[in-house]
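Before any comments, here is the structure.
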DNA sequence: CCTACCGATCGGTAGG
DNA sequence: CCTACCGATCGGTAGG
């Protein structure tokens, strides 16, 4: 997809407009007429591209849940210490939300159950399992502080949210890699039993990722 | 307010039902008819207690923004090191969300602007200023890691969310004070330039709070 | 706190 | 991708 939404195919422009409006006013607050107006088409034309309003959201959850869950699982398969896996995931997540053009903050988890979005539900479950596995292994091996994991999942969510917020404020973000490292370091400082080992974790991650790991 | 919502005055039961439904389906997804049904009255009767649907939300923001902002400012006035102030605020916030009966997760910040809720807007601004002051002082004094503050505000929000989620899952939470300490410790480990100083920060907070500080 | 009801807006369909 | 339109539901009012 090109960087300027105005040049995109209608289908993608619908996704883009829907995401933005739902981020501002929530799923029920974003009317299909508002979405159509932002795209520059009439409201019923939306249903030539999507079977329903829920189908638009389902596709947005692909970016917000399905792909991140797959990536987390892939990073675990690539090995490394639990802290290294966590570091690499947060780093990847940050760069992911920086790269995609959609504002996904309107995608509250409750929508998955309300709209019956099966693939998103399965992805969320998979992601939580993967994260739990990393945390449990890290605690067993003494790499993670034993009590910190209660807040890890919401902390990850919050960092994702914050990155999206910063992107859509068009704030000066600086280098994506620097921001990704800052986010991952924040999480790991809160989680590592020995925060001084963060330097070693970062080095381990760099080796595993190679000099210039691709985003996807 | 008693612990069983069924025994409350109608006005409070409207607040309780509205909060719960908005947490599940968002502001626009929670219809006044749904709220009335949960309360056990007819839909138009709601407007005998509140001038509008927005007025219900405005009162809920009192618990979610106005009171926390006041408390943060009060804690700063009570002194102590910046880390101590931050620790005490997170601890208080956790106990606050554990104590109040409302599920406030439907109160997205964007609602404040959309509905023109002036007191909530002012409180949010005040809270952010207070938090920035603490963080700036902590960095200047070398107590906080200089790069961590980007993620502090969203991290605080996330912890609040998570506590509310745990409460409404009716999960075994154990001692509120233990959970409050865990939340505050999580934030401070991510923020302190020397995480080992957390023990000293905790001790400083205990002295300032006295043996048994009241919640309000 | 109720019944009766209002105009506005909702997601979606028919048919081209 | 459009116009015309549907039944359902929305927040809120009138009047008791």
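Residue numbers (the working numbering), protein chains in the order written: chain R, 1 to 216; chain C, 1 to 216. Just so it is clear, CB atoms sit at the ideal spot from N, CA and C, and this is done for glycine as well.
is_contact[residue i, chain R] using C-beta, thresh 8 Å
i                      : result
residue 175 of chain C : no
residue 114 of chain C : yes
residue 91 of chain C  : no
Chain-ordered neighbours of residue i on chain R, where CB pairs are closer than 9 Å
i                      : result
residue 27 of chain C  : 25, 26, 28, 29
residue 189 of chain C : 145, 148, 189, 190, 191, 192, 195
residue 159 of chain C : 151, 154, 155, 158
For residue i, the nearest candidate out of the options (CA to CA)
i                      : options                    : result
residue 118 of chain C : C:202, C:62, C:8           : C:62
residue 17 of chain R  : R:175, R:153, R:205, R:60  : R:60
residue 22 of chain C  : C:90, C:191, C:100, C:56   : C:56
residue 5 of chain R   : R:122, R:100, R:91         : R:100
residue 91 of chain C  : C:110, C:19, C:103, C:68   : C:68
residue 177 of chain C : C:10, C:34, C:163          : C:163
residue 64 of chain C  : C:80, C:205, C:94, C:145   : C:94
residue 89 of chain C  : C:157, C:193, C:12         : C:157
residue 24 of chain R  : R:53, R:45, R:108          : R:108
residue 116 of chain C : C:136, C:9, C:54, C:186    : C:54
residue 147 of chain R : C:122, C:184, C:138        : C:184
residue 204 of chain C : C:80, C:3, C:13            : C:80
residue 105 of chain R : R:145, R:165, R:138, R:139 : R:165
residue 187 of chain C : C:30, C:85, C:76           : C:85
residue 167 of chain C : C:98, C:8, C:66            : C:98
residue 110 of chain C : R:202, R:3, R:159, R:30    : R:30
residue 136 of chain C : C:174, C:114, C:76         : C:76
residue 19 of chain C  : C:132, C:38, C:210, C:49   : C:38
residue 71 of chain R  : R:50, R:96, R:49           : R:96
Coarse secondary structure for residue i, derived from DSSP in three states
i                      : result
residue 151 of chain R : helix
residue 111 of chain R : helix
residue 192 of chain C : strand
residue 50 of chain R  : coil
residue 186 of chain R : helix
residue 161 of chain C : helix
residue 102 of chain C : coil
Supposed close pair residue i, residue j - CB separation, criterion 8 Å
i                      : j                      : result
residue 73 of chain C  : residue 130 of chain C : 5 Å
residue 28 of chain C  : residue 26 of chain R  : 6 Å
residue 82 of chain C  : residue 42 of chain C  : That pair is no contact at about 52 Å.
residue 154 of chain R : residue 161 of chain C : 6 Å
residue 127 of chain C : residue 15 of chain C  : That pair is no contact at about 22 Å.
residue 122 of chain R : residue 58 of chain R  : Contact doesn't hold; Cβ gap of about 12 Å is too wide.
residue 182 of chain R : residue 150 of chain C : 6 Å
residue 124 of chain C : residue 112 of chain C : 7 Å
residue 190 of chain R : residue 189 of chain C : 5 Å
residue 145 of chain C : residue 208 of chain C : Their Cβ separation, rounded to whole angstroms, is 23 Å, which puts residue 145 of chain C and residue 208 of chain C out of contact at 8 Å.
residue 9 of chain R   : residue 195 of chain C : Between residue 195 of chain C and residue 9 of chain R the Cβ distance is about 50 Å, and since that is not below 8 Å, they are no contact.
residue 36 of chain R  : residue 45 of chain R  : 7 Å
Within chain C, the residues that residue i reaches when beta carbons sit closer than 9 Å
i                      : result
residue 183 of chain R : 150, 151
Minimum Cβ-Cβ distance from residue i to chain C less than 8 Å
i                      : result
residue 186 of chain R : yes
residue 62 of chain R  : no
residue 108 of chain R : yes
residue 223 of chain R : Only positions 1 to 216 of chain R appear in this structure, which leaves residue 223 of chain R out of reach.
Neighbouring residues, chain C, relative to residue i (Cβ below 8 Å)
i                     : result
residue 13 of chain R : Correct list: empty, because the minimum Cβ distance to chain C is about 22 Å.
Closer than 7 Å at the beta carbon, the chain R residues around residue i
i                      : result
residue 140 of chain C : None at all; the shortest Cβ gap to chain R is about 19 Å.
residue 162 of chain C : 151, 154
Near the ligand GTP: residue i beta-carbon under 7 Å from a heavy atom
i                     : result
residue 33 of chain R : Absent from the structure shown: the ligand GTP. Ligands present: none.
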